[in-house]
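Undergrad: Please find one structure pasted underneath; my questions will follow.
There are 2 protein chains.
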Amino acid sequence: MRIVKLTEKEKNNILENLLKRSPNQYSKFEDTVNDIIENVRANKDKALFEYTEKFDGVKITEETFKVTDEEIEEAYTKVDERLIEIIRKALVNIRDYHQKQVRYSWFDSKTDGTLLGQKITPLARVGVYVPGGKAVYPSSVLMNIVPAKVAGVEKIVMTTPPGKDGKVYPITLVAAHEAGVDEIYKVGGAQAVAALAFGTESIKKVDKIVGPGNIFVALAKKAVYGHVSIDSIAGPSEILVLADETANPRYVAADLLSQAEHDEMASAILVTTSEELAKKVSEEVDGFVKVLSRKEIIQKSLDSYGYILVANDMKEAIDTANEIASEHLEIVTKNPFDTMTRIKNAGAIFLGEYSSEPLGDYFAGPNHVLPTNGTAKFFSPLSVDDFIKKSSIISYSEEALKLIHTDIEDFAKAEKLTAHANSIAVRFEQK
Amino acid sequence: MRIVKLTEKEKNNILENLLKRSPNQYSKFEDTVNDIIENVRANKDKALFEYTEKFDGVKITEETFKVTDEEIEEAYTKVDERLIEIIRKALVNIRDYHQKQVRYSWFDSKTDGTLLGQKITPLARVGVYVPGGKAVYPSSVLMNIVPAKVAGVEKIVMTTPPGKDGKVYPITLVAAHEAGVDEIYKVGGAQAVAALAFGTESIKKVDKIVGPGNIFVALAKKAVYGHVSIDSIAGPSEILVLADETANPRYVAADLLSQAEHDEMASAILVTTSEELAKKVSEEVDGFVKVLSRKEIIQKSLDSYGYILVANDMKEAIDTANEIASEHLEIVTKNPFDTMTRIKNAGAIFLGEYSSEPLGDYFAGPNHVLPTNGTAKFFSPLSVDDFIKKSSIISYSEEALKLIHTDIEDFAKAEKLTAHANSIAVRFEQK
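Here it is, written out as structure tokens:
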């Protein structure tokens with residue numbers, strides 16, 4: 001793995017290189033995606049079935065479109081019992097963490113009869129997109145469904161592309177069922193996003209669409225944003241390990257590779273104050289790559305977006321971590337909690353040498369759907385907050401309004417909004 | 432004002448008619464907006480000054496681009512002192528309400544050495560767009576800046592188009608200064624959004640862009656979403672009054688008109704169970720329209736998007752309110768609090784006959800930046816939450832990880848992610 005001495009110039013080059021991975025760069029597919037969306041809006045289910053035949057190579061009909069209870073039961077017979085048991089254990093942790101995110105409606109009242117508040121209401125219908133294709137990630141199914149469920153969403157509708165046999169992977173069905181999904185439809189790609197956003201004969205329009213997908217799915221989500229809400233636009237995975245000389249190079253190397261294996265666009269970066277650690281991690285990485293099953297992907301990812309950066313001091317290292325704003329940040333320093341207080345931008349922060357990143361992917365409880373590509377500067381992990389909306393509550397008594405009615409009228413008049421002023425004034429006109 | 436007997440068919444027609452007002456319908460301007468964005472990314476300040484000359488008819492240079500302290504001082508001399516006093520009173524209420532929205536980082540630890548948490552960090556830089564043109568709304572300046580300020584945003588950067596004299600309206604400057612803005616630049620339109628999203632020589636890239644604007648501004652915000660965060664895409668204003676026979680028709684009529692006067696696309700709807708109230712409100716509306724200064728706008732708005740709907744019962748009336756999901760909802764019924772508990776979708780809810788909508792626009796404290804066009808089904812009022820982001824915190828001890836390490840390894844292997852499994856396994860290999 002390349003070792004680079006951290007300079008301002010190097011840092012800027014790296015930041016620019018990493019942004020090449022952004023789904024924002026793929027606008028060339030926008031027209032294709034818009035065509036698919038328009039077609040689904042116009043032809044609904046018919047368009048979906050045509051795309052599924054074209055892209056997934058399987059004929060789906062009204063009768064086979066929705067996953068049946070029998071299909072789910074069958075799926076259970078095909079999944080290893082040990083895996084079901086692990087999924088159930090993980091679910092306990094994931095539910096437990098998200099439960100702590102639940103917020104309450106509140107109000108604050110005064111004795112003059114005024115009351116102000118904020119009402120929390122769960123979204124009514126949510127669409128969860130689950131990718132098909134090369135990789136099957138039941139953990140991702142859990143992470144997208146649980147926060148919606150905990151928020152109190154009435155209907156959770158999942159879509160996922162069927163295999164050539166017209167079935168959904170058994171483990172996907174089991175994970176979705178365990179997490180509490182309400183309906184599952186066999187459709188993927190931009191067409192699935194369009195169906196969820198605008199509705200078809202079979203799929204009722206949802207309020208929000210979440211879940212990862214390929215570039216077509218990402219662009220479709222961006223295109224329908226505003227018609228519905230979306231989570232964020234997911235980019236390739238990332239890890240940044242912030243380490244000093246106290247870190248175990250073997251653990252650091254293994255953790256870097258855990259993200260590098262996701263895909264060739266994934267990024268694994270070590271920022272360290274220790275030149276010795278840099279060298280040792282690089283050696284350990286070389287040793288691991290040889291024996292890991294996804295070595296081709298890992299090597300390409302490391303060559304394109306992997307760096308070991310040696311910083312002059314911890315301040316420079318922390319500043320760099322904040323500028324990169326990584327999806328996953330591991331802090332392996334003498335005092336990880338102290339270092340953590342200086343972190344501004346990161347999706348999830350893993351503290352100390354036993355908080356390996358995959359612990360968060362599967363088991364600890366916090367969501368593994370995290371902001372990528374520097375968007376941790378302004379986006380947050382998927383959470384219960386994503387599945388509720390707020391309404392302000394305003395209640396004034398006659399007495400309270402009377403005290404301030406001329407202020408409001410004068411403010412409205414200053415904005416030349418006389419009907420605004422009038423609506424307050426009529427309440428105090430001579431009767 | 433037209434009175435319509437509520438039926439399923441009428442309701443669907445109305446819902447469809449209202450959605451015509453959505454900024455999502457204006458994709459024909461997308462190419463123009465994309466060209467502006469590309470030009471600003473390439474030519475930065477130079478492009479901004481060219482657009483300002485073209486669209487706003489005034490030559491701005493590096494020297495006059497940023498509003499100076501002297502310009503702000505000068506603005507104070509031109510604004511009515513009474514208005515400044517009202518702004519300060521409103522600010523107290525707005526700050527006070529938003530202060531209640533502040534959330535804390537939290538953690539939960541167990542005695543086996545595990546700790547999970549959620550860290551709250553304010554966004555570093557926020558851009559606030561303030562429209563120029565026909566209308567000057569200092570209240571909107573307050574509502575966009577205060578939540579960012581309360582959240583702890585380090586730098587709040589405002590952009591607004593200059594007038595032909597190269598100046599910003601004095602009241603806009605005063606409101607921005609009172610609310611605590613850090614920098615103000617004289618640029619508007621899609622070019623201002625592009626500058627905030629990507630940065631120029633003068634304007635540093637921000638993390639999030641908020642604030643209302645015309646269709647070009649709305650489309651530009653949608654286009655840069657993902658590069659930065661945005662609030663939501665604002666549509667025309669709306670009010671829905673839910674009333675029974677106990678409501679005062681004169682107040683209801685005045686409140687409907689307060690939103691109808693905003694623009695010709697605004698929508699004012701009364702849903703009532705009382706035919707008598709319907710008739711009386713219609714008469715009162717006619718009386719008011721004659722004498723109000725913005726009567727042309729009001730009449731067009733009412734003709735296109737104004738309705739008095741008579742429902743068979745309160746349940747039907749409430750269901751309709753939930754389906755329309757109005758930006759502003761007034762509840763004027765026998766027991767407004769009871770009715771409120773049945774409301775799922777609304778930006779802001781005003782309870783009882785003295786909670787006239789303009790009270791919320793200017794003074795009560797809750798934000799007046801609210802979801803429009805049915806998006807209250809999934810979007811929320813602008814709040815302190817919009818100016819923070821969250822990071823998950825995960826810290827496991829060796830002891831805690833040891834208990835579950837084989838579960839994680841097996842889960843990772845089931846997803847065929849062997850480097851994930853390896854990163855956990857190395858921590859428990861025989862040393």
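So the sequence lines, in the order shown, correspond to chains V and E. Using my numbering, the first residue of the first sequence is number 1, and each one after it goes up by one. Using my numbering, the first residue of the second sequence is number 432, and each one after it goes up by one. All residues carry an ideal CB built from backbone N, CA and C; glycine is no exception. Only a predicted model underlies this, so the values are computations on that prediction, with no experimental measurement involved.
Between serine 698/E and leucine 449/E, which are expected to be in contact by the criterion C-beta below 8 Å, what is the C-beta distance as a whole number of angstroms?
TA: As a first step, residue 698/E is located in the second sequence; it is residue number 267 there, counting from the start. As a first step, residue 449/E is located in the second sequence; it is residue number 18 there, counting from the start. Right, their Cβ atoms sit about 6 Å apart.
Undergrad: For leucine 403/V, count neighbouring Cβ atoms within 10 angstroms of its own Cβ and tell me buried if that reaches 16, exposed if not.
TA: What you label residue 403/V is simply residue 403 of the first sequence in a count that begins at 1. Burial call: exposed.
Undergrad: Over what stretch of residues does the beta strand (DSSP E) that includes threonine 159/V continue unbroken?
TA: Residue 159/V sits at position 159 when you count from the first residue of the first sequence. Taken as a continuous stretch (DSSP letters only), the beta strand (DSSP E) holding threonine 159/V covers 155-160.
Undergrad: So, using beta-carbon positions, are leucine 801/E and proline 789/E closer together than 8 Å?
TA: As a working mapping, residue 801/E is identified with position 370 in the second sequence. As a working mapping, residue 789/E is identified with position 358 in the second sequence. No, they are not a contact pair.
Undergrad: Mind checking arginine 2/V: buried by the 16 CB within 10 Å criterion, or exposed?
TA: For the purposes of this step, residue 2/V is taken as residue 2 along the first sequence, with counting starting at 1. Arginine 2/V is exposed by the Cβ-count criterion.
Undergrad: Going straight from the alpha carbon of methionine 574/E to that of isoleucine 388/V, what length do you get?
TA: Walking along the second sequence from the start, residue 574/E turns up at place 143. Walking along the first sequence from the start, residue 388/V turns up at place 388. If I take the Cα positions, the gap works out to 22 Å.
Undergrad: Let's see if you can read the secondary structure: which residues bound the alpha helix (DSSP H) around tyrosine 482/E?
TA: For the purposes of this step, residue 482/E is taken as the residue at position 51 of the second sequence. Per DSSP, the continuous alpha helix (DSSP H) segment holding tyrosine 482/E begins and ends at 461-482.
Undergrad: Assuming threonine 591/E contacts threonine 603/E (C-beta within less than 8 Å), just tell me the rounded distance between them.
TA: Taking the first residue of the second sequence as 1, we reach residue 591/E at position 160. Taking the first residue of the second sequence as 1, we reach residue 603/E at position 172. About 6 Å separates the CB atoms of threonine 591/E and threonine 603/E; that is less than 8 Å, so the two are in contact.
Undergrad: Our contact map puts isoleucine 394/V next to isoleucine 408/V with C-beta atoms below 8 Å; I'd like the distance itself, whole angstroms only.
TA: Numbered from its first residue, the first sequence carries residue 394/V at position 394. Numbered from its first residue, the first sequence carries residue 408/V at position 408. In fact, because the Cβ distance is near 12 Å, the residues do not count as touching under 8 Å.
Undergrad: Which residue from Lys89/V, Leu116/V, Ala253/V puts its Cα closest to that of serine 786/E?
TA: Counting from one through the second sequence, the residue named residue 786/E turns up at place 355. Of the candidates Lys89/V, Leu116/V, Ala253/V, the one whose C-alpha sits nearest the C-alpha of serine 786/E is Leu116/V.
Undergrad: Does the stretch 663-673 of chain E come close enough to the stretch 757-776 of chain E that 3 or more CB-CB pairs lie under 8 Å?
TA: Because the criterion of three Cβ pairs below 8 Å is met, the stretch 757-776 of chain E and the stretch 663-673 of chain E touch.
Undergrad: Does DSSP put glutamate 85/V in a helix, a strand or coil?
TA: The residue you call residue 85/V lines up with position 85 of the first sequence. The answer is helix: DSSP assigns glutamate 85/V an H, G or I state.
Undergrad: Determine the direct distance from the alpha carbon of valine 716/E to that of glutamine 701/E, and round the result to whole angstroms.
TA: Indexing the second sequence from 1 puts residue 701/E at position 270. Indexing the second sequence from 1 puts residue 716/E at position 285. Per the sequence presented here, residue 701/E reads as leucine, with glutamine not at that position. So the two alpha carbons sit approximately 11 Å from each other.
Undergrad: CB-CB under 7 Å to proline 170/V, same chain, minus the five flanking residues each way: which ones, in chain order?
TA: Indexing the first sequence from 1 puts residue 170/V at position 170. So the qualifying residues of the chain are Ala75, Lys78, Val79.
Undergrad: How far does the beta strand (DSSP E) with leucine 116/V in it extend, from its first residue to its last?
TA: By 1-based counting over the first sequence, the position of residue 116/V is 116. Start and end: 115-122.
Undergrad: Any chance the stretch 346-353 of chain V sits against the stretch 112-129 of chain V, with 3 or more Cβ pairs inside 8 Å?
TA: no
Undergrad: Using a Cβ-Cβ cut-off of 6 Å (strictly less than) and excluding sequence neighbours within five positions of leucine 123/V, which residues of its own chain qualify?
TA: Locating residue 123/V in the first sequence gives position 123, where the first residue counts as 1. Val153, Asp207, Lys208, Phe387, listed in sequence order.
Undergrad: Is the CB-CB distance between histidine 851/E and aspartate 361/V below 8 Å?
TA: Residue mapping note: residue 851/E aligns to position 420 of the second sequence, counting from 1. Residue mapping note: residue 361/V aligns to position 361 of the first sequence, counting from 1. Yes; because the gap between Cβ atoms is below 8 Å, this pair is in contact.
Undergrad: Let me make sure I understand the geometry here. Which of Ala218/V, Glu30/V, Lys290/V has the alpha-carbon closest to that of asparagine 853/E?
TA: What you label residue 853/E is simply residue 422 of the second sequence in a count that begins at 1. Among Ala218/V, Glu30/V, Lys290/V, the Cα nearest to that of asparagine 853/E is on Lys290/V.
Undergrad: Valine 332/V bridges to which residues according to DSSP?
TA: The residue given as residue 332/V occupies position 332 in the first sequence. Per DSSP, the beta-bridge partners of valine 332/V are Ala243/V.
Undergrad: With DSSP as the reference, label lysine 186/V as helix, strand or coil.
TA: Taking the first sequence and counting its residues from 1, the one referred to as residue 186/V is at position 186. In this structure, lysine 186/V counts as strand in the three-state DSSP scheme.
Undergrad: Along the chain, where does the alpha helix (DSSP H) that runs through arginine 250/V open and close?
TA: In the first sequence, residue 250/V corresponds to position 250, counting from 1. First-last of the alpha helix (DSSP H) with arginine 250/V: 249-260.
Undergrad: Please work out which residues of its chain come closer than 6 Å, Cβ to Cβ, to lysine 808/E, disregarding the five sequence neighbours upstream and downstream, and give them in chain order.
TA: Along the second sequence, read from residue 1 onward, the residue named residue 808/E stands at position 377. Answer for lysine 808/E: Ala756, Asn776, listed in chain order.
Undergrad: Distance check for glutamate 692/E and isoleucine 728/E, CA to CA, integer angstroms please.
TA: Locating residue 728/E in the second sequence gives position 297, where the first residue counts as 1. Locating residue 692/E in the second sequence gives position 261, where the first residue counts as 1. One C-alpha to the other measures close to 6 Å.
Undergrad: Out of Lys436/E, Glu441/E, Glu461/E, Asn766/E, which has the shortest C-alpha to C-alpha gap to lysine 652/E?
TA: Walking along the second sequence from the start, residue 652/E turns up at place 221. Answer by Cα proximity: Glu461/E.
Undergrad: Is it the case that the Cβ atoms of asparagine 645/E and proline 562/E are separated by a distance below 8 Å?
TA: One-based indexing of the second sequence puts residue 645/E at position 214. One-based indexing of the second sequence puts residue 562/E at position 131. Against a cut-off of 8 Å, the Cβ pair of proline 562/E and asparagine 645/E comes out as a contact.
Undergrad: Could you pull the start and end residues of the beta strand (DSSP E) that isoleucine 634/E belongs to?
TA: Within the second sequence, residue 634/E is the residue found at index 203, counting from 1. Premise fails: isoleucine 634/E is in no beta strand (DSSP E) and is neither H nor E.
Undergrad: Nearest to serine 383/V by CA position, among Thr375/V, Lys89/V, Phe411/V, Pro366/V, is which residue?
TA: Here residue 383/V corresponds to residue number 383 of the first sequence, with the count starting at 1. The residue from Thr375/V, Lys89/V, Phe411/V, Pro366/V with its alpha-carbon nearest to that of serine 383/V is Pro366/V.
Undergrad: Quick check on DSSP: helix, strand or coil for serine 497/E?
TA: On the second sequence, position 66 is the one that residue 497/E refers to. Rather than serine, the amino acid found at residue 497/E in this sequence is lysine. Three-state DSSP puts lysine 497/E in a strand.
Undergrad: At the level of alpha carbons, what is the spacing between valine 136/V and isoleucine 37/V?
TA: Your numbering for residue 136/V matches position 136 in the first sequence. Your numbering for residue 37/V matches position 37 in the first sequence. One C-alpha to the other measures close to 26 Å.
Undergrad: Between the stretch 604-616 of chain E and the stretch 174-187 of chain V, do at least 3 Cβ pairs fall closer than 8 Å?
TA: no
Undergrad: With valine 572/E and alanine 521/E assumed to form a contact (beta carbons below 8 Å), what rounded beta-carbon distance in angstroms separates them?
TA: Stepping through the second sequence from its first residue, residue 572/E is reached at position 141. Stepping through the second sequence from its first residue, residue 521/E is reached at position 90. Not a contact, Cβ separation roughly 11 Å.
Undergrad: Is there a C-beta anywhere in chain V that falls below 8 Å from the one on serine 757/E?
TA: For the purposes of this step, residue 757/E is taken as residue 326 along the second sequence, with counting starting at 1. Interface criterion not met: the Cβ of serine 757/E is under 8 Å from no Cβ in chain V.
Undergrad: Should arginine 88/V be labelled buried (16 or more other beta-carbon atoms within 10 Å of its own) or exposed?
TA: Taking the first sequence and counting its residues from 1, the one referred to as residue 88/V is at position 88. It counts as exposed.
Undergrad: For chain E, is any of its Cβ atoms less than 8 Å away from the one on threonine 160/V?
TA: Here residue 160/V is taken as the residue at index 160 of the first sequence, counted from 1. Answer no: the Cβ-Cβ gap between threonine 160/V and chain E never drops below 8 Å.
Undergrad: Would a check of beta-carbon distances place aspartate 841/E closer than 8 Å to chain V?
TA: Along the second sequence, one-based indexing puts residue 841/E at 410. Yes, because at least one Cβ of chain V sits closer than 8 Å to the Cβ of aspartate 841/E.
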